[in-house]
Each structure stands twice: as structure tokens, then as C-alpha cells.
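Residue numbers (the numbering used here), protein chains in the order written: chain F, 35 to 55; chain A, 119 to 303.
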């Protein structure tokens with residue numbers, strides 16, 4: 035099946051997301 | 119079984135839900151299955167990128183943890199114990215790091231696992247950072263120790279994502295062997 039793949043740079047950007055708390 | 123972890127609108131779901139565990143062994147005390155189990159604390163569960171960062175940002179970095187501490191990130195439903203049904207036929211890659219490298223390497227390790235960079239299907243069970251007196255150890259657990267194609271792929275991805283010096287020694291150990299010699303490393 036389809037896998038949800040994320041690159042490291044994208045994940046690092048998400049660190050500062052307002053939803054990440 | 120624990121309730122499903124909800125992914126809220128706007129969040130980026132992960133391929134799997136994960137559990138974050140912490141354990142600390144009293145230095146000098148003999149490790150047994152029983153006291154290992156007792157020392158294992160489930161801190162959080164997460165199913166999205168945002169939930170991961172929310173917990174991780176509040177978590178101590180390996181560099182701040184006292185010796186003999188372990189942080190475990192495992193797929194939900196898999197307990198970080200050799201005896202768990204997902205682990206009992208498995209093994210782990212062990213990477214020994216000199217002091218000072220752990221926090222960066224551990225973060226790279228987690229991001230590769232959560233982002234599904236290993237490309238080995240359901241084989242990965244979880245990862246552990248073990249803070250010890252003179253070194254730190256990252257281990258990556260997989261389900262099938264006998265599957266050399268998978269374990270080879272995990273080793274190659276680990277080397278790439280941890281960006282380790284070429285001289286770094288990596289060792290594979292089956293959980294069966296760990297059970298037999300009563301030692302993790």
C-alpha cells in the first residue's frame with residue numbers, strides 16, 4: 035500500500051508549527 | 119489495548135502511531151527482565167508530526183540525561199522488550215557513539231524512522247538511545263533477524279542518515295542472543 039513518507043528537512047520545518055505543542 | 123490516538127485536522131499523520139518510553143536502571147544493579155519491565159515508563163503516544171514535536175520539544179535531550187537512562191520510540195503496541203511477539207524473532211543494529219554526538223544522531227534517527235526513510239515495510243519495531251557513562255548507543259530493532267536483505271537495508275540507511283564517520287563500528291545482535299547472554303550490549 036501507499037506509505038506516508040516525509041523528508042528530514044520537511045519534518046524539521048514542522049518543528050515550529052503552531053500545531054506542534 | 120489503548121485507545122486510538124486522534125490526528126486533528128491540519129496535522130500531518132505518520133504512517134504509524136508510536137509510543138515514547140523511558141527507563142532508567144540503577145547503576146550497578148543486575149538487569150533482569152522483571153526489573154527492566156518495572157522501570158519502563160510509557161510517557162506519550164503520538165500519531166502525527168505535530169504531536170511528535172510537541173512531546174519531543176518537552177523531552178530532555180540525551181546529553182541532559184543521567185547515565186543508564188534509555189529513551190525508546192516504538193511502534194504502538196510493541197513493548198520495547200525482547201519478549202514482545204513483534205521482537206522475539208528480531209534483532210537490532212547497535213551503533214556506539216562517542217560522547218557529544220548522541221543528541222544530533224538520535225534526532226536524525228527518529229526523523230528517518232517517522233518519515234519512513236528505511237523502506238523496509240513493517241520490519242522496523244523501534245529505536246532506542248542508551249545513555250551510558252563513557253558512550254551513547256543507538257539501536258534500531260527489527261522484526262526478523264534472519265532477513266539479511268532487510269537488515270542490510272537498515273544498516274545502509276542508518277549509515278546515511280546518522281552521517282557517521284566511516285570508522286564507526288556497527289554490530290547486529292539478535293534478541294535471542296541477548297536473552298541467552300543476559301546482556302543488551
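Even for Gly, the Cβ is constructed at its ideal location relative to N, Cα and C. Just so it is clear, the structure is predicted and the values come from calculations on it, not from any experiment.
From the DSSP output, in three-state form, read off residue i for me.
| i | result |
| --- | --- |
| residue 193 (chain A) | strand |
| residue 160 (chain A) | strand |
| residue 217 (chain A) | coil |
| residue 40 (chain F) | coil |
| residue 151 (chain A) | helix |
| residue 188 (chain A) | strand |
| residue 246 (chain A) | strand |
| residue 229 (chain A) | helix |
| residue 288 (chain A) | strand |
| residue 200 (chain A) | coil |
| residue 143 (chain A) | coil |
| residue 133 (chain A) | strand |
| residue 46 (chain F) | helix |
Just to confirm, is the Cβ distance from residue i to residue j under 8 Å?
| i | j | result |
| --- | --- | --- |
| residue 244 (chain A) | residue 291 (chain A) | no |
| residue 253 (chain A) | residue 217 (chain A) | yes |
| residue 281 (chain A) | residue 226 (chain A) | yes |
| residue 228 (chain A) | residue 236 (chain A) | no |
| residue 286 (chain A) | residue 181 (chain A) | no |
| residue 162 (chain A) | residue 183 (chain A) | no |
| residue 185 (chain A) | residue 250 (chain A) | yes |
Locate the beta strand (DSSP E) running through residue i, then write down its first and last residues.
| i | result |
| --- | --- |
| residue 253 (chain A) | 253-260 |
Thinking C-alpha only, which one of the options is nearest residue i?
| i | options | result |
| --- | --- | --- |
| residue 215 (chain A) | A:186, A:154, A:299, A:248 | A:248 |
| residue 197 (chain A) | A:230, A:143, A:154 | A:154 |
| residue 38 (chain F) | A:234, A:265, A:273 | A:234 |
| residue 136 (chain A) | A:293, A:275, A:168, A:152 | A:168 |
| residue 50 (chain F) | A:174, A:144, A:188 | A:174 |
| residue 164 (chain A) | A:264, A:232, A:187 | A:232 |
| residue 256 (chain A) | A:166, A:176, A:126, A:276 | A:276 |
| residue 40 (chain F) | A:119, A:131, A:126, A:120 | A:131 |
| residue 127 (chain A) | A:142, A:166, A:143, A:201 | A:166 |
| residue 150 (chain A) | A:159, A:119, A:133, A:199 | A:199 |
So, is residue i buried or exposed, given that buried needs 16 or more other C-beta atoms within 10 angstroms?
| i | result |
| --- | --- |
| residue 261 (chain A) | buried |
| residue 239 (chain A) | exposed |
| residue 299 (chain A) | exposed |
| residue 284 (chain A) | exposed |
| residue 208 (chain A) | buried |
| residue 220 (chain A) | buried |
| residue 178 (chain A) | exposed |
| residue 267 (chain A) | exposed |
| residue 44 (chain F) | exposed |
| residue 295 (chain A) | exposed |
Which first and last residues belong to the alpha helix (DSSP H) in which residue i is found?
| i | result |
| --- | --- |
| residue 168 (chain A) | 167-174 |
| residue 276 (chain A) | 266-280 |
| residue 297 (chain A) | 293-299 |
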